[in-house]
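Engineer: Please see the structure below; I have some questions.
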Amino acid sequence: NAGVTQTPKFQVLKTGQSMTLQCAQDMNHNSMYWYRQDPGMGLRLIYYSASEGTTDKGEVPNGYNVSRLNKREFSLRLESAAPSQTSVYFCASSEDLLFGLDWEKLFFGSGTQLSVL
Amino acid sequence: GQQLNQSPQSMFIQEGEDVSMNCTSSSIFNTWLWYKQDPGEGPVLLIALYKAGELTSNGRLTAQFGITRKDSFLNISASIPSDVGIYFCAGPIYNFNKFYFGSGTKLNVKP
Chain A
1 NAGVTQTPKF QVLKTGQSMT LQCAQDMNHN SMYWYRQDPG MGLRLIYYSA
51 SEGTTDKGEV PNGYNVSRLN KREFSLRLES AAPSQTSVYF CASSEDLLFG
101 LDWEKLFFGS GTQLSVL
Chain B
1001 GQQLNQSPQS MFIQEGEDVS MNCTSSSIFN TWLWYKQDPG EGPVLLIALY
1051 KAGELTSNGR LTAQFGITRK DSFLNISASI PSDVGIYFCA GPIYNFNKFY
1101 FGSGTKLNVK P
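As they're listed, the protein sequences go chains A and B.
Number 51 in this note's numbering belongs to position 51 of the first sequence; there are no gaps in the numbering.
Just so we're on the same page, this note's numbering is the position in the second sequence counted from 1, plus 1000.
In structure tokens, the structure reads:
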């Protein structure tokens, strides 16, 4: 039972490089999220996808793009990495936002630690 | 953006001690959530609260939904080393798409 799988676990980039963080869930959840975690800041929502084919901005979307490839997969892309994007990134999923019985239960991946030099 | 203020920021306690932490907001919440993050892992939901005044337990953990709906408390009794981690409060407001997280309380337990 894998749950939410994120790759890679660690990544080091140079300023200006691009990369894509991959996320897949096997729980048949409709909603998926990308968060970043910085010391003393808690978890801040970057983008979310309420269902396959839809994506919306969260609190801190600048410098990121997302793709909801299918129901299982939700990727996060950094087109031109900046040192301010050094962070730990978490993907999460949940039941239907409005109709699911357990909508409040976010299931998180184990994170990607990204350093931008 | 929305701010959830958690305190304390960190705690160093002895195994067997009880722990209390809280979370406050300037806005009203209809649901309060408490998550725990083990080192190197993603957060995991511990307790969900749905009603003002509600008191809910999960083993040695007890959480309360404040009467004003602007705060919540988490207590851990008889702490053990595996309680080490970061505890986050969280809640959705008018828009269910957005879960706002507090900045976390980092708990350290000395054996």
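Each residue gets a CB set at the ideal place from its N, CA and C atoms; glycine is no exception.
At least one CB of chain A closer than 8 Å to the CB of Leu1033(B): is that the case?
Structural biologist: Closer than 8 Å to some Cβ of chain A, the Cβ of Leu1033(B) qualifies, so yes.
Engineer: Which full runs of the beta strand (DSSP E) of 3+ residues lie inside the region 1019-1063 of chain B, going along the chain?
Structural biologist: Listed in chain order, the complete beta strand (DSSP E) runs (minimum 3 residues) inside the region 1019-1063 of chain B are 1019-1025, 1032-1037, 1043-1049, 1055-1058.
Engineer: Sort Asn70(A), Gly42(A), Val116(A) by Cα distance to Ala24(A) and report the nearest one.
Structural biologist: It is Asn70(A) whose Cα lies nearest to the Cα of Ala24(A).
Engineer: At a CB distance below 8 Å, what residues from the region 1042-1066 of chain B approach chain A? Give them in sequence order.
Structural biologist: Flagged, chain order: Gly1042, Pro1043, Val1044, Leu1045, Ala1048.
Engineer: Who are the neighbours of Lys105(A) on chain B, taking C-beta pairs under 8 Å?
Structural biologist: Here the neighbours are Leu1045, Ala1048.
Engineer: Run through chain A and tell me which residues come within less than 7 Å of Gly1102(B), C-beta to C-beta.
Structural biologist: The answer, in chain order, is Gly42.
Engineer: Distance, Cα to Cα, Ile1086(B) vs Pro8(A)?
Structural biologist: Spanning the two alpha carbons is a distance of roughly 23 Å.
Engineer: Check whether chain A comes within 8 Å of Phe1029(B), counting only Cβ atoms and requiring the distance to be less than that.
Structural biologist: Chain A, which has no Cβ nearer than 8 Å to the Cβ of Phe1029(B), makes this no.
Engineer: In chain order, what residues of the same chain lie with their CB nearer than 6 Å to the CB of Phe1113(B), ignoring the 5 residues before and after it?
Structural biologist: For chain B, the structure presents residues 1001 to 1111; residue 1113(B) sits outside this window and is missing.
Engineer: Looking at the unbroken beta strand (DSSP E) that takes in Ser1007(B), where does it start and where does it end?
Structural biologist: Looking at the DSSP string, the run of the beta strand (DSSP E) that includes Ser1007(B) is 1004-1007.
Engineer: Report the CB separation of Tyr35(A) from Leu21(A) in whole angstroms; it is logged as a contact under 8 Å.
Structural biologist: Not quite, the Cβ-Cβ distance comes to about 11 Å (not below 8 Å), so this is no contact.
Engineer: Does Gln85(A) come out as helix, strand or coil in the three-state DSSP assignment?
Structural biologist: Reduced to three states, the DSSP call for Gln85(A) is helix.
Engineer: Is the CB of Gly109(A) under 8 Å away from at least one CB in chain B?
Structural biologist: Answer yes: the Cβ-Cβ gap between Gly109(A) and chain B drops below 8 Å somewhere.
Engineer: Listed in chain order, which residues of the region 1006-1017 of chain B have Cβ atoms closer than 9 Å to some Cβ of chain A?
Structural biologist: Answer set for the region 1006-1017 of chain B: Gln1006, Gln1009.
Engineer: Should Phe10(A) go down as buried or exposed, given a rule of 16 or more other Cβ atoms within 10 Å for buried?
Structural biologist: Phe10(A) comes out exposed.
Engineer: Taking the continuous beta strand (DSSP E) assigned at Asp1071(B), which residues delimit it?
Structural biologist: Start and end: 1071-1076.
Engineer: With 16 as the cutoff for other CB atoms within 10 Å, does Tyr1100(B) come out buried or exposed?
Structural biologist: Buried.
Engineer: If you measure from the beta carbon of Phe1099(B) to each beta carbon in chain A, is any gap under 8 Å?
Structural biologist: Closer than 8 Å to some Cβ of chain A, the Cβ of Phe1099(B) qualifies, so yes.
Engineer: Give the residues of chain B in contact with Phe90(A), contact being defined as C-beta atoms less than 9 Å apart.
Structural biologist: In chain order: Gly1042, Pro1043.
Engineer: Could you give the first and the last residue of the continuous beta strand (DSSP E) run that contains Gly40(A)?
Structural biologist: Careful: Gly40(A) lies outside any beta strand (DSSP E) and carries neither H nor E.
Engineer: In the DSSP assignment, find the beta strand (DSSP E) that holds Leu13(A) and state where it starts and stops.
Structural biologist: Leu13(A) -> beta strand (DSSP E) spans 10-13.
Engineer: Distance cutoff 8 Å, beta carbons only. Does Phe1073(B) sit that close to anything in chain A?
Structural biologist: No, its Cβ sits nowhere closer than 8 Å to a Cβ of chain A.
Engineer: I'd like to know whether the C-beta atoms of Met1021(B) and Gln1003(B) end up nearer to each other than 8 Å.
Structural biologist: No, Cβ-Cβ distance for Met1021(B) and Gln1003(B) is not below 8 Å.
Engineer: Please say whether Leu1074(B) and Leu1055(B) have beta carbons closer to each other than 8 Å?
Structural biologist: No, they are not a contact pair.
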